[in-house]
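Enquirer:
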Amino acid sequence: MTSPEDIEGLVRPELKAMKAYTPIEPTDVLSQRVEIAEENVIKLDGNENPYGCSTRVKQALANYAYYHLYPDPEQRELRKALEEYTGISSEYILAGSGSDELIDLILRLFIEPGDKVINCPPTFGMYPFSTDVCGGKIVNAPRKLDFSVDVAAIKKALDKRTKVIFIASPNNPSANMTSEQTILELLDCIPVVVIDEAYFEFSGTTVAPLVPKHPNLIVLRTFSKWAGLAGLRVGYGIFPTNIVKYLMKIKQPYNVNAAAQRAALESLKDTTYLHSTIKAIVDERERLSNKLNQLDWLKVYPSQANFILCSVINGKAKTIHKGLQKMGIFVRYFDTPQLKDCLRISVGKSEHTDALIAALKEIC
Ligand SMILES: *Cc1c(COP(=O)(O)O)cnc(C)c1O
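Under this note's numbering, think of the first position of the sequence shown as 3, with each following residue one higher.
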């Protein structure tokens with residue numbers, strides 16, 4: 003008979019050793035922890051859309067008649083709608099259960115044990131997470147002090163086993179972009195270049211039109227941030243067509259559930275409303291940035307996304323993070339060497355900015 007100890011011995015050793023991902027927690031859990039009613043919690047830690055999704059999504063999901071049937075495994079209607087939204091033919095497009103799933107699928111497609119993935123920290127934690135799960139080896143090429151990617155360091159890190167590089171643009175958590183020129187340079191020397199445009203709608207800049215001309219470029223997008231669908235899990239990628247063919251082959255057949263496919267379709271029919279929330283968030287980002295800049299103990303980094311990275315230069319980052327939590331305001335705190343004493347603040351509504359600024363003044 004197999005014992006619990008035997009089970010321990012059966013688990014892949016690299017998975018036993020790997021570091022767990024640190025996800026953010028839902029509002030009800032945060033609310034209970036600090037004993038503040040859920041409706042009074044100000045959640046600025048997940049880069050979620052504070053305006054929520056389109057009302058068309060809520061109506062369509064309430065009235066949908068086919069939850070008892072499997073969704074379209076080829077996502078035909080959604081991919082057609084994405085063709086119109088992106089201006090890129092649907093044969094280049096595939097949707098996933100969040101772009102997180104697509105990160106995993108790309109790595110499953112290319113990575114054999116020991117193959118290398120270039121990561122440019124500080125950046126999104128899912129790249130090393132999924133690389134570890136797939137048995138790949140992460141090679142870090144840290145960003146420079148201004149958080150731009152270090153092309154020379156990347157080139158130095160390359161060898162025969164390098165297969166993939168991930169670049170988030172705008173980057174999470176530093177909120178800056180990587181130029182098209184830099185991306186073209188990487189396309190010349192790395193087998194597969196993945197540009198993660200999770201925050202594209204806030205930056206307005208994309209390299210997606212380059213995909214049909216480059217056999218090794220992938221662009222990832224998501225409905226989680228701009229369309230307010232983080233809870234439904236739907237993202238998509240723009241891939242060279244032969245990569246779409248292989249991903250279609252290896253993905254779970256019904257990877258994007260019926261509700262998520264409907265919700266994404268309805269969002270694409272309500273872009274006028276969604277663009278108005280994007281504009282409100284971008285305007286608020288500028289107002290929040292100005293107010294944070296007035297606090298002389300904060301260094302505020304420029305942002306092309308829906309969040310702002312700040313470095314706390316009075317050494318009190320941890321106290322501030324805890325103090326905000328006690329008042330029901332949740333932001334992301336980092337204390338890695340590259341992000342020492344840093345806070346990442348998602349842009350909320352104007353009342354959230356006002357509450358945050360008042361709280362920061364009270365704490366410091
Ligand atoms: C939030 C985020 C994602 C996750 O997108 P999902 O579609 O919700 O899985 C991907 N990449 C970056 C850089 C992000 O910040």
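We put the CB at the ideal spot given by N, CA and C, even for glycine.
These numbers come from a predicted model, not from an experiment.
Flag aspartate 337 as yes when its Cβ comes closer than 7 Å to any non-hydrogen atom of ligand 1, and as no otherwise.
Expert: Here the question's residue 337 lines up with position 335 in the sequence shown. Incorrect: aspartate 337 has no Cβ contact closer than 7 Å to ligand 1.
Enquirer: Put lysine 21 into one of helix, strand or coil per three-state DSSP.
Expert: Counting from one through the sequence shown, the residue named residue 21 turns up at place 19. Here lysine 21 sits in coil by DSSP.
Enquirer: Hey, glutamine 340 and proline 124: beta-carbon distance below 8 Å or not?
Expert: The residue labelled residue 340 in the question sits at position 338 within the sequence shown. The residue labelled residue 124 in the question sits at position 122 within the sequence shown. Yes, they are a contact pair.
Enquirer: Let me check you understand the geometry: is the CB of glutamine 45 closer than 7 Å to at least one non-hydrogen atom of ligand 1?
Expert: Against the sequence shown, residue 45 aligns to sequence position 43. The sequence shown places lysine at residue 45, rather than the glutamine named in the question. No, the Cβ of lysine 45 stays beyond 7 Å of every heavy atom of ligand 1.
Enquirer: With DSSP as the reference, label arginine 58 as helix, strand or coil.
Expert: Working through the sequence shown from its first residue, we reach residue 58 at position 56. Arginine 58: helix per DSSP, three-state reduction.
Enquirer: Throw me the rounded Cβ distance for the alanine 200 and serine 101 pair, which I believe falls under 8 Å.
Expert: The residue given as residue 200 occupies position 198 in the sequence shown. The residue given as residue 101 occupies position 99 in the sequence shown. 6 Å between Cβ atoms; contact.
Enquirer: Across which residues does DSSP place isoleucine 245 in a beta bridge pair?
Expert: On the sequence shown, position 243 is the one that residue 245 refers to. DSSP lists no partner for isoleucine 245.
Enquirer: Is aspartate 198 near ligand 1 - that is, is its Cβ less than 7 Å away from at least one heavy atom of it?
Expert: For the purposes of this step, residue 198 is taken as the residue at position 196 of the sequence shown. Under cutoff, so the answer is yes.
Enquirer: If you pair each beta-carbon of the segment 152 to 169 with each one of the segment 102 to 119, do three or more pairs fall below 8 Å?
Expert: Contact between the segment 152 to 169 and the segment 102 to 119 is present, because at least three Cβ pairs lie under 8 Å.
Enquirer: Please state the DSSP three-state secondary structure of valine 31.
Expert: Indexing the sequence shown from 1 puts residue 31 at position 29. In the structure shown, valine 31 sits in a helix (DSSP, three-state: H, G or I).
Enquirer: Let's see if you can read the secondary structure: which residues bound the alpha helix (DSSP H) around tyrosine 275?
Expert: The count along the sequence shown starts at 1 and reaches residue 275 at position 273. Here the alpha helix (DSSP H) through tyrosine 275 covers 273 to 295.
Enquirer: Taking the alpha-carbon of arginine 346 as reference, which of Pro304, Glu353, Ala360, Asn218 has the nearest alpha-carbon?
Expert: Looking up residue 346 in the sequence shown gives position 344. Among Pro304, Glu353, Ala360, Asn218, the Cα nearest to that of arginine 346 belongs to Pro304.
Enquirer: Assign alanine 262 to one of three DSSP states: helix, strand, or coil.
Expert: Taking the first residue of the sequence shown as position 1, residue 262 is located at position 260. It is helical.
Enquirer: Is the distance from the Cβ of alanine 262 to the Cβ of isoleucine 240 below 8 Å?
Expert: Position 260 of the sequence shown, counted from the start, is the residue given in the question as residue 262. Position 238 of the sequence shown, counted from the start, is the residue given in the question as residue 240. No, these two residues do not count as a Cβ contact at 8 Å.
Enquirer: Below 8 Å on the Cβ atoms is my guess for aspartate 152 versus alanine 143; work out the distance and round it to an integer in Å.
Expert: As a working note, residue 152 is residue 150 in the sequence shown. As a working note, residue 143 is residue 141 in the sequence shown. About 6 Å separates the two Cβ atoms, so the contact holds.
Enquirer: Can you tell me which of Leu186, Ser291, Ser99, Leu222 puts its alpha carbon nearest to the alpha carbon of threonine 355?
Expert: Here the question's residue 355 lines up with position 353 in the sequence shown. Closest option to threonine 355, Cα to Cα, is Ser291.
Enquirer: By alpha-carbon positions, which one of Val43, Ala159, Ser352 ends up nearest to valine 141?
Expert: Residue 141 sits at position 139 when you count from the first residue of the sequence shown. Of the listed residues, the one whose Cα sits closest to valine 141 is Ala159.
Enquirer: So, under 8 Å CB-CB, glycine 98 and asparagine 257 are touching, yes? Tell me the CB distance rounded to an integer number of Å.
Expert: Here residue 98 corresponds to residue number 96 of the sequence shown, with the count starting at 1. Here residue 257 corresponds to residue number 255 of the sequence shown, with the count starting at 1. That belief holds up - the Cβ atoms of glycine 98 and asparagine 257 are roughly 6 Å apart, short of 8 Å.
Enquirer: Rounded to the nearest angstrom, what separates leucine 219 and isoleucine 245 at their Cα positions?
Expert: In the sequence shown, residue 219 corresponds to position 217, counting from 1. In the sequence shown, residue 245 corresponds to position 243, counting from 1. If I take the Cα positions, the gap works out to 10 Å.
Enquirer: Roughly how many angstroms lie between the CA atoms of glycine 237 and leucine 270, to the nearest whole one?
Expert: Looking up residue 237 in the sequence shown gives position 235. Looking up residue 270 in the sequence shown gives position 268. Taking the straight line joining both Cα atoms gives about 13 Å.
Enquirer: What are the start and end residues of the beta strand (DSSP E) that includes phenylalanine 168?
Expert: Here residue 168 corresponds to residue number 166 of the sequence shown, with the count starting at 1. Note, phenylalanine 168: beta strand (DSSP E), 164 to 170.
Enquirer: Report the three-state DSSP secondary structure of alanine 301 (helix, strand or coil).
Expert: Sequence index remark: in the sequence shown, residue 301 carries index 299 (1-based). The question names alanine, yet the displayed sequence has lysine at residue 301. Lysine 301: strand per DSSP, three-state reduction.
Enquirer: Closest to alanine 229 by C-alpha separation, out of Gln327, Thr274, Leu188, would be which residue?
Expert: What you label residue 229 is simply residue 227 of the sequence shown in a count that begins at 1. Nearest of Gln327, Thr274, Leu188 to alanine 229, Cα basis: Thr274.
Enquirer: Looking at chain C, is there any beta carbon in it that lies within less than 8 Å of the beta carbon of asparagine 49?
Expert: Of the chains in the structure shown, none is chain C; there is only one protein chain.
Enquirer: Figure out for me which residue from Ile359, Ile283, His277 has the closest Cα to the Cα of glutamine 296.
Expert: The residue you call residue 296 lines up with position 294 of the sequence shown. Of the listed residues, the one whose Cα sits closest to glutamine 296 is Ile359.
Enquirer: Cysteine 122 and lysine 157: beta carbons closer than 8 Å?
Expert: Translated into positions along the sequence shown, residue 122 becomes position 120. Translated into positions along the sequence shown, residue 157 becomes position 155. In this structure, lysine 157 does not lie closer than 8 Å to cysteine 122 by Cβ.
Enquirer: On the DSSP bridge list, what partners appear for threonine 224?
Expert: Locating residue 224 in the sequence shown gives position 222, where the first residue counts as 1. Threonine 224 pairs with Gly237.
Enquirer: Give the DSSP bridge partners of phenylalanine 309, in chain order.
Expert: As a first step, residue 309 must be located in the sequence shown, where it is residue number 307. According to DSSP, phenylalanine 309 bridges with Ser348.
Enquirer: If you follow the beta strand (DSSP E) that aspartate 198 is part of, which residue opens it and which one closes it?
Expert: Looking up residue 198 in the sequence shown gives position 196. Element bounds for aspartate 198: 194 to 198.
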